[in-house]
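This report refers to the structure that appears directly beneath it.
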Amino acid sequence: KAGVTQTPRYLIKTRGQQVTLSCSPISGHRSVSWYQQTPGQGLQFLFEYFSETQRNKGNFPGRFSGRQFSNSRSEMNVSTLELGDSALYLCASSLGQGVVDTQYFGPGTRLTVL
Amino acid sequence: AQSVTQLDSHVSVSEGTPVLLRCNYSSSYSPSLFWYVQHPNKGLQLLLKYTSAATLVKGINGFEAEFKKSETSFHLTKPSAHMSDAAEYFCVVSVPQAGTALIFGKGTTLSVSS
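Order-wise, the sequence lines are chains A and B.
Just so you know, my numbering puts 96 at position 96 of the first sequence, and the rest follows in order with no gaps.
Add 114 to the 1-based position in the second sequence for my numbering, that's all there is to it.
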């Protein structure tokens, strides 16, 4: 099976712009979660989508949003970019059957905000 | 609240010697525990997971971890380090009350010298 794919792999934006990141889960997986990884804060949970609905949300401002399509692909959007949004954004997919599900991670999108 | 503490930010070993990466967790509930590895510019790969079955968990690439409830620990070990083991390792906790959100430790960088 193909793994989790994320596009683009690298992005450079300027402050105030918005950005959309994409994640394609492993075939058959219905849950997609997003995480932000920074040197200072480490890995933090953003949100999870299951069957096109946000099922869980971390402690991030409303500038961070997402959605999931009927084929389970997910997008994450960040509006009004700030310098502190520079990070590696990882998505993970799982079957969505419960908290003991294994989450499989993609390679990430490296976002740089100038 | 749930949390996980990785006791060493950096561990250095020689090739062929044992590896020990230490992790303590804090949880009011029965946790699921994971170890993930991240190689440079790569996503996260699951090494092993504990979900209340056997307390000694065997993972990929010769790694194993032991769940010790009395010590609230989940240390990762490997009998003999290989150069390819050099990477960052994350101890992760999941509890039902947090939904599917994974809670990550700050990570331990493992260096392996020849």
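All C-beta atoms, glycine included, are put in the ideal place defined by N, C-alpha and C.
- When the alpha-carbon of B/Val118 is set against those of B/Glu180, B/Lys220, B/Leu224, the nearest one is in B/Lys220.
- In this chain, the beta strand (DSSP E) harbouring A/Leu11 covers 10-13.
- When secondary structure is reduced to three states using DSSP, A/Gly84 falls in the helix class.
- In summary, the residues of the stretch 23-34 of chain A whose CB is separated from some CB of chain B by less than 8 Å are Ser31, Ser33, in the order they occur in the chain.
- In the DSSP assignment, B/Leu216 falls outside any beta strand (DSSP E), carrying neither H nor E.
- For B/Lys220, the closest Cβ of chain A is nearer than 7 Å.
- Within a 10 Å sphere around the beta-carbon of B/Leu170 sit fewer than 16 other beta-carbons, which makes this residue exposed.
- Considering only beta carbons, the part of the stretch 41-58 of chain A lying closer than 7 Å to chain B consists of Gly42, Leu43, Phe45, Glu48, Arg55, Asn56, Gly58, in chain order.
- Under the three-state reduction of DSSP, A/Gly42 is assigned to strand.
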